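Reading through the structure tokens given below for one structure.
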Amino acid sequence: MTMRKVGLYWFNNDLRLHDNANLSRAALEVDDLLCIYCLDPQSLMPNRYGLATISPNRLRFLKESLIDLDRQLQKLDQHLIVCYQTAVKAIHDIASSYQVSYIYRSRHPGYYENQQWLALQKQLPLVQFVETDTHTLFAMDQLPFPLAKLPDTFTQFKNSVAQLSVVKPMQAVDFLPPNPKLKTDWLSRFPDYSKSEHEVFFSGGETAGLKQLKNYFASHNASHYKKQRNELDGWDNSSKFSSWLANGNLSVRQICFNLNQYEQQSGANESTYWLFFELLWREYFQWYAHHHGKLLFTFRGIKQQKPLTSFYPERFQKWCNGNTPYALVNACMKQLNKTGFMSNRGRQIVASCLVNELAVDWRYGAAYFEQQLLDYDVAANWGNWQYLAGVGADPRGKRHFDFEKQTQQYDPDGLFINKWQGGIQNFQIDSVDAADWPVIAE
Ligand SMILES: Cc1cc2nc3c(=O)[nH]c(=O)nc-3n(C[C@H](O)[C@H](O)[C@H](O)COP(=O)(O)OP(=O)(O)OC[C@H]3O[C@@H](n4cnc5c(N)ncnc54)[C@H](O)[C@@H]3O)c2cc1C
Numbered sequence: 035m036t037m038r039k040v041g042l043y044w045f046n047n048d049l050r051l052h053d054n055a056n057l058s059r060a061a062l063e064v065d066d067l068l069c070i071y072c073l074d075p076q077s078l079m080p081n082r083y084g085l086a087t088i089s090p091n092r093l094r095f096l097k098e099s100l101i102d103l104d105r106q107l108q109k110l111d112q113h114l115i116v117c118y119q120t121a122v123k124a125i126h127d128i129a130s131s132y133q134v135s136y137i138y139r140s141r142h143p144g145y146y147e148n149q150q151w152l153a154l155q156k157q158l159p160l161v162q163f164v165e166t167d168t169h170t171l172f173a174m175d176q177l178p179f180p181l182a183k184l185p186d187t188f189t190q191f192k193n194s195v196a197q198l199s200v201v202k203p204m205q206a207v208d209f210l211p212p213n214p215k216l217k218t219d220w221l222s223r224f225p226d227y228s229k230s231e232h233e234v235f236f237s238g239g240e241t242a243g244l245k246q247l248k249n250y251f252a253s254h255n256a257s258h259y260k261k262q263r264n265e266l267d268g269w270d271n272s273s274k275f276s277s278w279l280a281n282g283n284l285s286v287r288q289i290c291f292n293l294n295q296y297e298q299q300s301g302a303n304e305s306t307y308w309l310f311f312e313l314l315w316r317e318y319f320q321w322y323a324h325h326h327g328k329l330l331f332t333f334r335g336i337k338q339q340k341p342l343t344s345f346y347p348e349r350f351q352k353w354c355n356g357n358t359p360y361a362l363v364n365a366c367m368k369q370l371n372k373t374g375f376m377s378n379r380g381r382q383i384v385a386s387c388l389v390n391e392l393a394v395d396w397r398y399g400a401a402y403f404e405q406q407l408l409d410y411d412v413a414a415n416w417g418n419w420q421y422l423a424g425v426g427a428d429p430r431g432k433r434h435f436d437f438e439k440q441t442q443q444y445d446p447d448g449l450f451i452n453k454w455q456g457g458i459q460n461f462q463i464d465s466v467d468a469a470d471w472p473v474i475a476e
């Protein structure tokens, strides 16, 4: 009698069935399949920045994504298993107990996620590890340069990939091998989080992501995208795809395909091109993270340049709470805390404030964004922060924004500041001066 081939599919930032080449491959290769997601309880504890890695709002979005994924899997007589353990331990134990011979996952840009993958390969030498690019527009072997020669700037990268074509997205799998009888009641054990405080604009999951994709291209917003994308607020001013993209609820190739269809039907213009251009930025940061590994998280960044900043707990706290001497910054931070989202313009402004005005180590800002942003993506977040802090891929050095000018341009009537209650309550950055004397208000 021949042994049944057992596969383990490790879901990560690819929580979907559509355009999932890995899952399609697993469906063809193995006789039994275990669909696993791992939530490390450590991510709810304070990290080296004193912050939990995942906010309650992010946890909510993740839970909704997992429930939706489980529902999609159940339609194919499969189901999801969520383990509340470190991924290496959970996957090692399941793979050993169920004689798994294949482990699948989407290629991940994160250094730590890649360390986990390598650790598992070491621990399970007889298992075949399969990794496919499903988080990016291009596959690694499509790139016209070896990763070690990734261009130093976005413009060079954009020019070098200009001739590449984006592979057509795959249909959702319509068949999956059965599960070899492992079932857990993961939903009842999902970590608790308080629901009350957040305004829910984004619901997690493939179903919600595909709905936004459809709605966005059913409107004409893409034809006005270039001008509108810089607005500080407003659902229609940018695509809002990012949270679903970050969790893999949406495939970036699927977005590109729908964008092309839209251009064929409604006409291509500078705006529709610009949406693709932004997806190329995302793409650049994905390969940037792959290439630079651990350097993505270091103070000196990839430039190995020491920023003139330090750590001031009080300033950092005030920045997080939206209680700085800068109304525009406060409004943006309050918007983030309430919704889990901030516009691209807002992100640039608050990052510039933290680094230039408050002189705080940029990594604390990146860690706070990691906690709060529903669209947190390791590559896009840390890559953009490095760029703004002047230790990343920006050929011009760090960016310093003039808040008054930004306010005049993007919030001339103060509507945004009013809406998010950015009013200044505190004109001092510090409550004690460098010699530890209380600062006396003038
Ligand atoms: C300091 C800082 C931190 C950021 N952290 C993240 C993050 O963790 N996750 C994240 O997805 N984006 C991040 N961004 C990029 C950008 O702000 C968001 O992708 C965008 O605002 C999301 O809104 P949207 O989907 O409506 O974007 P749209 O303007 O509609 O753009 C479409 C898509 O293009 C991509 N994109 C757009 N701008 C960028 C950019 N500058 N870098 C990389 N990709 C981009 C996103 O995938 C986005 O969904 C960060 C930017 C800054 C300045």
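Residues 35 to 476 (the numbering used here) are what the sequence shown spells out, left to right. A virtual CB, placed ideally from N, CA and C, is assigned to each residue, including glycine. Since the model is a prediction, treat every value here as computed from it, not as a measurement.
Handout entry: Inter-residue Cα distance where the pair is Trp-308 and Ser-257
Key = Here the alpha carbons of Ser-257 and Trp-308 stand approximately 10 Å from one another.
* Asked: ligand 1 heavy atoms versus the CB of Asp-395: any closer than 8 Å?
  -> no
Problem - 6 Å Cβ shell around Tyr-138 - same chain, five flanking residues per side excluded - result: Tyr-43, Asn-56, Ala-60, Val-164
In whole angstroms, what separates the C-alpha of Phe-191 from that of Phe-319? 10 Å
*Inter-residue spacing [alpha-carbon to alpha-carbon] between Glu-312 and Tyr-132*: For the pair Glu-312 and Tyr-132, the Cα-to-Cα distance works out to about 43 Å.
| task | Measure how close the beta-carbons of Thr-170 and Asp-53 come, nearest whole angstrom, since I'm counting them as under 8 Å. | result | The Cβ separation is near 12 Å, so there is no contact.
task: Pick out the complete alpha helix (DSSP H) segments inside the region 373–404, 4 residues or longer, and give them in chain order.
output: 378–386
Let me know the alpha helix (DSSP H) ranges lying completely inside the region 320–357, each 4 residues or longer, listed in chain order.
-> 347–355, all fully within the region 320–357.
| query | With DSSP run on the structure shown, which of helix, strand or coil describes Gln-162? | reply | strand
| query | Taking Cβ positions, are Gly-399 and Val-412 nearer each other than 9 Å? | reply | no
| query | Does DSSP classify Val-207 as helix, strand or coil? | reply | coil
- prompt: Would Ala-414 pass as a contact of Trp-396 if the rule is Cβ separation under 9 Å?
  reply: No, they are not a contact pair.
Worksheet item: So, is His-254 buried or exposed, given that buried needs 16 or more other C-beta atoms within 10 angstroms?
Response: Counting Cβ neighbours within 10 Å, His-254 comes out exposed, since fewer than 16 surround it.
So within the region 54–86, which uninterrupted beta strand (DSSP E) runs reach at least 3 residues, ignoring any that extend past its ends? The qualifying runs are 66–72.
ask   = Residue range of the beta strand (DSSP E) that Leu-139 falls in?
value = The amino acid occupying residue 139 in the given sequence is Arg; Leu does not appear at that position. Where Arg-139 is concerned, the enclosing beta strand (DSSP E) stretches over 134–140.
Quiz item: Is the region 87–96 touching the region 364–382 in the sense that three or more CB pairs, one from each, lie closer than 8 Å?
Solution: yes
Using the rule of at least 16 other Cβ atoms within 10 Å of the residue's Cβ for burial, across every protein chain shown, is Phe-188 buried or exposed? Burial is judged here by how many other beta carbons sit within 10 angstroms of a residue's own beta carbon; Phe-188 has at least 16 and is buried.
Review point. Just curious, the beta strand (DSSP E) that Trp-44 is in, first and last residue?
Key: 40–45
Quiz item: For Ile-463, which beta-bridge partners are listed by DSSP?
Solution: In the DSSP output, where bridge partners are listed per residue, Ile-463 has none listed.
Review point. So the beta strand (DSSP E) Leu-482 belongs to, where does it begin and stop?
Key: Missing from the structure shown is residue 482; the chain here goes from 35 to 476 and no further.
message: So within the region 250–306, which uninterrupted alpha helix (DSSP H) runs reach at least 4 residues, ignoring any that extend past its ends?
response: With a minimum length of 4 residues, the continuous alpha helix (DSSP H) runs that stay inside the region 250–306 are 259–262, 276–280, 286–300.
Problem set entry | Closest residue to Asn-213 among Leu-330, Asp-127, Gly-41 (Cα-Cα distance) | Considering only alpha carbons, the answer is Gly-41.
Hey, would you say the C-beta of Asn-281 is under 8 Å away from at least one heavy atom of ligand 1?
-> No; taking the cut-off as 8 Å, the Cβ of Asn-281 has no heavy atom of ligand 1 nearer than that.
At the level of alpha carbons, what is the spacing between Val-394 and Leu-330? 18 Å
For this session: Compute the distance between the beta-carbons of Ile-125 and Cys-69, then report whether it is under 9 Å.
Result: A distance of 9 Å or more separates the beta carbons of Ile-125 and Cys-69.
Exercise for review: Can you tell me which of the three DSSP states Glu-476 falls into?
Suggested key: A caution first: Glu-476 carries a pLDDT of 47, below 50, which makes its placement in the model unreliable, though a value can still be read off. Coil at Glu-476, not helix or strand.
Point to revise | Proximity test, Ala-60 beta-carbon vs ligand 1 heavy atom, cut-off 8 Å | key: no
Determine the direct distance from the alpha carbon of Pro-211 to that of Val-234, and round the result to whole angstroms. 36 Å
Same chain, Cβ closer than 6 Å to Glu-240, neighbours up to 5 away in sequence not counted: Arg-50, Asp-102, Asn-283
Measuring alpha carbon to alpha carbon, tell me which of Gln-157, Val-363, Gly-426 ends up nearest Gly-456.
Val-363
Of all the options Gln-295, Met-376, His-325, His-326, which has the alpha carbon lying nearest to the alpha carbon of Ser-276? Taking each of Gln-295, Met-376, His-325, His-326 in turn and checking the Cα distance to Ser-276, the smallest one comes out for Met-376.
query: Taking Pro-260 as the reference, which of Gln-459, Asn-271, Leu-408 has the closest Cα?
result: In the sequence under discussion, the amino acid at residue 260 is Lys, which differs from the Pro named in the question. Out of Gln-459, Asn-271, Leu-408, Asn-271 has the C-alpha closest to the C-alpha of Lys-260.
I need the straight-line Cα distance from Gln-197 to Pro-178, nearest angstrom please. Computed Cα separation, rounded: 9 Å.
Is the beta carbon of Gly-426 within less than 8 Å of some heavy atom of ligand 1?
Gly-426 Cβ: outside cutoff for every heavy atom of ligand 1.
State buried or exposed for Glu-476, treating a residue as buried only when at least 16 other CB atoms are found within 10 Å of its CB.
Because the pLDDT of Glu-476 is 47, which lies under 50, any placement of that residue in the model is unreliable, and the question is left without a value.
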